[in-house]
Amino acid sequence: MTSNGQGGHGPRTGAYTQAYDASITTPDEFWLTAARGIEWSAPPTRALDAEASESGRWFPDGRLNTCANALDRHVAAGHGDRAALIYDSAVLGEQRTYSYAELLDEVSRFAGVLAAQGIGHGDRVVIYMPMIPEAAIAMLACARLGAVHSVVFGGFAAKELAARVEDAEPKALVTASGGIEPARRVPYLPMVRQALEMTASAPQTVIVKKREQVAGSAEDHPDWLDWDGLMADAEHAEPVAVAATDPLYVLYTSGTTGKPKGVVRDNGGYAVALHWSMANIFDIRAGDTWWCASDVGWVVGHSYIVYAPLLAGATTVLYEGKPVGTPDAGAFWRVIAQHGVKALFTAPTAVRAIRKVDPDASLMGPHDMSSMTHLFTAGERLDPDTFEWAGKVLGVPVIDNWWQTETGWPITANLVGLEPMPIKPGSSTVPVPGYRVEILDDKGRQVGAGEEGNIAIRLPLPPGTLTGLWGDPERFHGSYMAAFPGYYATGDSGRIDADGYVFVLGRSDDVINVAGHRLSTGGMEAVVAGHPDVAECAVIGIHDDLKGQRPSGYVVLKSGSTIDADTLREELVALVRDEIGAVASFRDVTVVDALPKTRSGKILRKTMRQIVDKQDVVVPSTIEDMAVLEALEKQLGD
1 MTSNGQGGHG
11 PRTGAYTQAY
21 DASITTPDEF
31 WLTAARGIEW
41 SAPPTRALDA
51 EASESGRWFP
61 DGRLNTCANA
71 LDRHVAAGHG
81 DRAALIYDSA
91 VLGEQRTYSY
101 AELLDEVSRF
111 AGVLAAQGIG
121 HGDRVVIYMP
131 MIPEAAIAML
141 ACARLGAVHS
151 VVFGGFAAKE
161 LAARVEDAEP
171 KALVTASGGI
181 EPARRVPYLP
191 MVRQALEMTA
201 SAPQTVIVKK
211 REQVAGSAED
221 HPDWLDWDGL
231 MADAEHAEPV
241 AVAATDPLYV
251 LYTSGTTGKP
261 KGVVRDNGGY
271 AVALHWSMAN
281 IFDIRAGDTW
291 WCASDVGWVV
301 GHSYIVYAPL
311 LAGATTVLYE
321 GKPVGTPDAG
331 AFWRVIAQHG
341 VKALFTAPTA
351 VRAIRKVDPD
361 ASLMGPHDMS
371 SMTHLFTAGE
381 RLDPDTFEWA
391 GKVLGVPVID
401 NWWQTETGWP
411 ITANLVGLEP
421 MPIKPGSSTV
431 PVPGYRVEIL
441 DDKGRQVGAG
451 EEGNIAIRLP
461 LPPGTLTGLW
471 GDPERFHGSY
481 MAAFPGYYAT
491 GDSGRIDADG
501 YVFVLGRSDD
511 VINVAGHRLS
521 TGGMEAVVAG
531 HPDVAECAVI
541 GIHDDLKGQR
551 PSGYVVLKSG
561 STIDADTLRE
571 ELVALVRDEI
581 GAVASFRDVT
591 VVDALPKTRS
601 GKILRKTMRQ
611 IVDKQDVVVP
621 STIEDMAVLE
631 ALEKQLGD
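Heads up: the sequence shown runs through residues 1 to 638, numbered per UniProt numbering.
Below, the structure is given as structure tokens:
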């Protein structure tokens, strides 16, 4: 790889290198060419306005409608009968397939519903829904009108919902009567009512999709409206052309101050980047079936459940269920086989959950997996053991990619649709065209190949990335641009090897200082996870009176493991000593039943550090299961 600033011993003439170099040396030409994959009401004549903001503005003179690109143009091209969205509810045992024509009809009618309520260009709409088709329909309907949607993960507590409503100041809130978990129902409407009572920015309109399986409906709230009743009489709304630089959505991510950060995504740059990514990164084309096993409440769901596959003319699977427990650890294999999924994109934690329950993948046996060509993972580090297990049982390449809510699409990836590259376990491969990824020391100086440091992206950022934080330009600068002038600070640490491969080792605050030595807990986790009895693990830095900090490991054993704690500790200490060195001072190992995680699968390492160091524990709003955290607090407290 030649142009990422570090490394440089990779191929110089391949399709990837040519594309990457073009994106850096002639970005206007590269991205204007990519923009031809999108239909514009006013095609852009230039790609980048670097002076418009710190991160740049893309396609400043272009106009388009993102919904029309996702739906209308495919129907107009004669593909209305092609499957657009497959709703597969493992929790209900229900399925429904929407053709492009059917989905367009639903979306344009709900856009008509919103328009009748006074929603138009630039207005905000908060969407608080479970994984049902209406969530995607509401998102696309907002895009159709040029309104700005803000999806809040269904089931977030009232306080968290209220904080997002307070910040976005929406004209409407769209919700459902509730979500369905394997063992319980989660009523949403009491939380919605409580949230709206907590804010001065309550919207004038609340629309409720009634689910028969969950108590509650719009009828219980005289001032709220029923989705189905409104849709019965709805008129179709035509797409509204907007500026490419107009916001498509605001997606909130947790902030260190307690106030969530509203990441702003534009229309034009996002559409171009996502359309380009489906073919070049994931090798998904029109007519292919693609499954992203995430949630529309997260950025992965925005980009790769809803927008990207539909922009590409592919079929997207919207799955309501879990990797295990709905009904068993064979659920993912059933979905792939039944719908002919070409590629699955999920978090490593889902794969680990399946492996823990079914380590021999015996539940895959009844399912024909021949349609599958790749497994893509992101959202957290893909540890070598999970990588090897998944590759063995699936018999397809297992490919990591790395990105953030803020970037909206991959920063580093193995671009299998452009030029597949050799896979290096532990690496998310190379920078995607447009991303100038560099490793900097704490003073902002570039380090050598193979040296660990702060991962930063030289400005301007490529299209599709955040254009700011909603209503807070100072926080935007302070959060991302202030640490290293001229760069976007990712907040992650890592290294780039001599071949240009990027290794993301974890958040910068997961780098610990042991007796003056900077060590990555992520590197130690990779070693610990390789032990044959370990299903998953976390290594955190805790206070040490002598060394400042020391690493402490927490492991979940595989089902059926009979290893005793002392033997496990001895073997893990030896592994870390052999692969990282005695300087790591790794000697603490605790076996736990489960690790506390967010709903998107990230392990709550910061919260674990607070528990171990006897600090006040700040429970994140994104936590998946409070019972796991409470059990861990009790175990570690004892």
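Note that the Cβ used here is the ideal one computed from N, Cα and C, for glycine as well.
query, result
"From A76 to T412, what does the alpha carbon distance come to, in whole angstroms?", "35 angstroms"
"Within its chain, find whatever has a CB closer than 7 angstroms to the CB of V299; leave out the 5 residues flanking it on each side and keep chain order.", "L251, T405 and G408"
"Would you tell me roughly how many angstroms separate the C-alpha atoms of residue 642 and G146, rounded to the nearest one?", "In the structure as shown, the chain begins at 1 and stops at 638. Residue 642 is therefore absent and cannot be evaluated."
"What are the residues that DSSP puts in a beta bridge with W276?", "Its beta-bridge partners do not exist; DSSP assigns none."
"Based on the DSSP secondary-structure assignment, which residues constitute the bridge partners of S99?", "A83"
"Hey, out of V502, T199, T326 and M364, whose CA is closest to P410's CA?", "V502"
"Helix, strand or coil for Y487? Go by DSSP, reduced to three states.", "strand"
"Can you give the beta carbon distance from V306 to I86, rounded, assuming they're within the 8 angstroms contact cut?", "Between I86 and V306 the Cβ distance is about 13 angstroms, and since that is not below 8 angstroms, they are no contact."
"Quick check: the Cα distance between M278 and A312, rounded to an integer number of angstroms?", "7 angstroms"
"Starting from the N-terminal side, write out each stretch of the alpha helix (DSSP H) that is 4 residues or longer and does not extend beyond the stretch 160-197.", "189-197"
"Quick check: the stretch 56-67 against the stretch 262-275, are there 3 or more CB pairs under 8 angstroms?", "yes"
"In terms of DSSP beta bridges, what is V263 paired with?", "L251 and L469"
"Taking just the CA atoms, how far does V208 sit from W227?", "5 angstroms"
"According to DSSP, simplified to helix, strand and coil, what is E451?", "coil"
"Taking the C-alpha atoms as reference points, what is the distance between D472 and S621?", "21 angstroms"
"Considering only the alpha carbon of each residue, which of L595, I281 and D81 lies closest to F345?", "I281"
"How is Q635 classed by DSSP in three states: helix, strand or coil?", "helix"
"With 16 other CB atoms within 10 Å as the buried threshold, where does V398 fall?", "buried"
"Under 9 angstroms, do W402 and P359 count as touching if we go by C-beta distance?", "no"
"Just curious, the beta strand (DSSP E) that F376 is in, first and last residue?", "H374 to T377"
"Under 8 angstroms: do the stretch 163-171 and the stretch 132-144 share three or more Cβ pairs, one atom per stretch?", "no"
"How is D544 classed by DSSP in three states: helix, strand or coil?", "strand"
"Look at the alpha carbon of A631 and the alpha carbon of R46, and state the distance between them as a whole number of angstroms.", "56 angstroms"
"In angstroms, rounded to a whole number, what distance separates the CA positions of R285 and A343?", "11 angstroms"
"In angstroms with no decimal places, state the Cα-to-Cα distance between H543 and L505.", "21 angstroms"
"Check whether the stretch 477-491 and the stretch 520-533 are in contact - that is, three or more C-beta pairs closer than 8 angstroms.", "no"
"Do you know offhand how far T465's Cα is from G491's?", "16 angstroms"
"On the DSSP bridge assignment, give the partners of I512 in chain order.", "L519"
"With a cut-off of 8 angstroms, do at least 3 Cβ pairs link the stretch 99-113 to the stretch 67-84?", "yes"
"When you compare the stretch 602-622 with the stretch 525-544, are there three or more beta-carbon pairs, one atom per stretch, that lie closer than 8 angstroms?", "yes"
"Starting from the Cα of E525, find the closest Cα among V514, S552, G548 and G500 and give me that residue.", "S552"
"Taking C-alpha atoms, which residue in T175, A42 and T205 lies nearest to D223?", "T205"
"At the level of alpha carbons, what is the spacing between P11 and Q18?", "At P11, the pLDDT of 44 sits below 50, so the modelled position is not reliable; the number obtained from the coordinates is stated separately. When rounded, the distance between both Cα atoms is 10 angstroms."
"Using only the alpha-carbon positions, how far apart do V437 and M626 sit?", "37 angstroms"
"Under the three-state reduction of DSSP, which class applies to L140: helix, strand or coil?", "helix"
"Go to H339, then tell me how far its beta strand (DSSP E) extends in each direction, as first and last residue.", "Per DSSP, H339 belongs to no beta strand (DSSP E); it is in the alpha helix (DSSP H), A331 to H339."
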